[in-house]
Amino acid sequence: STRSSTRRSSRTSAPSPTLAGCCARAVRDALPAERRAICQATGAVSLVSDILGDKGTNVLQIDADATVYDAITRMVEANVGSLLVFESGRLRGIVTERDYLRRVALEGRTEKATLVRDIMTSPLVYVSPDTTIDECMAVMTERRIRHLPVLNDQHEVVGMISIGDVVKFQSKEQSAQIKLLTDYITAS
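Numbering (the working numbering), first residue to last: -15 to 172.
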């Protein structure tokens, strides 16, 4: 399901995935590779868990009491645009390059004197592994965000996806669909 909230407001949730979406996933996963390709080519539902299967579940994080300088350094070293923010072992928010630009650079703060907690976005907009890729694209577009933490039913972090991950996944799926359809047409 997709969980979302506006900045500094209470968390709300969108409807959970449809039964049809869950069934499509279960059927697709039980099929041999060739049949799975056909399901994907015919529009079977793609989920966040599919992206995480390709990308992995490693998530970069930082403590809320760290300086913005530490956060920016970690992002640059890892070549990423965001870090999840934790405090006492609990997920508290996300800090992004955009947060830095808007809440440090434009406000005249200094990176070494400003704490991550002072600029992070909280509460989070997040998704679950069972959220569809289409739902992710809609949330990212509507909320104008580029990164979505992935939380399981126990609200544990199981991954992070970016708009780049979604675009790469969609492109890969389209290429596979085109190849499958081309092979089908030329075999007839």
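Every residue, glycine too, gets a C-beta built ideally from N, C-alpha and C.
- The C-beta distance from His131 to Ser66 rounds to 4 Å, short enough to meet the 8 Å contact threshold.
- In the three-state scheme derived from DSSP, where H, G and I count as helix and E and B as strand, Val60 is classed as helix.
- Annotation: Met104 is outside any beta strand (DSSP E) and is labelled neither H nor E by DSSP.
- Bridge partners of Thr116 according to DSSP: Leu31.
- In this structure, DSSP gives Asp38 a helical state, which the three-state scheme calls helix.
- The residues Gly143, Ile145 and Asp149, in chain order, have a CB closer than 8 Å to that of Lys39 in the same chain once the five nearest residues on each side in sequence are set aside.
- Residue pairing from DSSP leaves Val52 without any beta-bridge partner.
- In this structure Val88 is not in contact with Glu81, their Cβ atoms being roughly 11 Å apart against a cut-off of 8 Å.
- By the neighbour-count criterion, in which a residue is buried when 16 or more other Cβ atoms sit within 10 angstroms of its Cβ, Val52 is buried.
- By the neighbour-count definition (other C-beta atoms within 10 Å, threshold 16), Thr116 is a buried residue.
- Around the beta-carbon of Leu85, fewer than 16 other beta-carbon atoms lie within 10 Å, marking it exposed.
- Counting along the chain, Val69 sits inside no alpha helix (DSSP H); it lies in the beta strand (DSSP E) bounded by residues Ser66 to Glu71.
- Each of Arg74, Ala97 and Met121 was checked against the Cα of Pro107, and the nearest Cα belongs to Arg74.
- Among the bridge pairs identified by DSSP, Ser159 is matched with none.
- Apart from sequence neighbours up to five positions away, the residues of its chain that approach Met104 with a beta-carbon distance below 8 Å are Ala48, Val69, Arg76, Gly77, Ile78, Val79 and Asp83, ordered along the chain.
- Assigned with DSSP and collapsed to three states, Leu75 falls in strand.
- Our two residues, Ile35 and Gln45, have alpha carbons roughly 20 Å apart in a direct line.
- DSSP places Asp83 inside the alpha helix (DSSP H), whose first and last residues are Glu81 to Tyr84.
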